[in-house]
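First up is the structure itself, then whatever we jot down about it.
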Amino acid sequence: MRATYFLPACVILAACNGGGVHSNVVMGGAPALGQSTAFLLDGDPAGNYGEAFMDADGKGFIVVGPSDGQPAQALYRFDGDTVQRSPGALTGTVNLNQSSTMTLRTSAVAPGQLAGSYTVQWGGLAADFKLDADGKLTAAGGACQLSGAVQASGGVPGTLPVTLTISGCTAEGKYDGYLIRSADYAPGAFRLVADDGKRIIDGYAISNGMLK
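Quick note: the sequence shown uses our numbering, first residue 539, plus one each step.
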């Protein structure tokens, strides 16, 4: 099914977090507003599979990876006609054209619904953590120590903004991003995607109750 575009046909990427100004980078087409969708794309070296999470006002984000189920290599943030890409190192003109789309199964979510103990993996690295009903993330073991906070609400259904701190492993740093809950991510309880302006971390949180 062809994607329906509700934003301008071409959106210019502005200054990226931690990157530079990319006035020559063009996005052809844009994701549907007020929806969470998956689609194929071309022109981004990060991959040809994208998932978009947009509110009704044109704010949201896209994660891009090599294929469905593989970690994201790029994160686009939308705010109206302004788009930021992380990581910011791009040269030349890059056209992103949606060729197909499907709806992702997301619904409103709050930290209290997800409180519990989880393990998340990024490549060969793992972090055990606890999430409480107030959105506080506390490290509980693993090669990486993960802590941070999940906001109580977000503008895009099925997603919540997060701030993460990782220590004790090669992914060490401070990251800003999103918690995403979708039935399409089962058996993962939710997905954590975030960046520090230069790197993307992307992993599915598995309830420790399922690992016993």
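By construction, the Cβ of each residue, glycine as well, lies at the ideal position given by its N, Cα and C atoms.
Separation of Lys674 and Gly650 (C-alpha to C-alpha, rounded to the nearest whole angstrom) is 10 angstroms. From the listed residues Thr657, Phe616 and Ala687, the smallest Cα separation to Gly679 is found for Thr657.
For Gly603, the enclosing beta strand (DSSP E) begins and ends at Lys597 to Gly603. Taking C-alpha positions only, Asp734 is separated from Gly741 by approximately 15 angstroms.
Minimum Cα-Cα distance from Leu613 among the listed residues Thr639, Gln573, Val602 and Gly726 corresponds to Val602. The straight-line gap separating the alpha-carbon atoms of Leu579 and Asp666 is approximately 34 angstroms. Using a 10 angstroms sphere on the CB of Glu589, the tally of other CB atoms reaches 16 or more, which defines it as buried. In this structure, Phe591 sits near Thr697, with a CB-CB distance shorter than 7 angstroms. Judged by beta-carbon spacing, Ser655 lies beyond the 7 angstroms limit of Asn586, meaning their Cβ atoms are not closer than that value.
Runs of the alpha helix (DSSP H) lying entirely within the region 660-704, each at least 4 residues long, are absent. With respect to the 7 angstroms criterion, Tyr723 and Ile739 are not classified as neighbours on the basis of their beta carbons.
Residues of the same chain with a CB within less than 8 angstroms of the CB of Ala687, apart from the 5 flanking positions on each side, are Gly673, Lys674, Leu675, Val700 and Thr701 in chain order.
Taking a 10 Å sphere around the C-beta of Thr639, we find 16 or more other C-beta atoms and assign the residue as buried. Here Gln608 is exposed: its Cβ has fewer than 16 other Cβ atoms, across all protein chains shown, within 10 Å.
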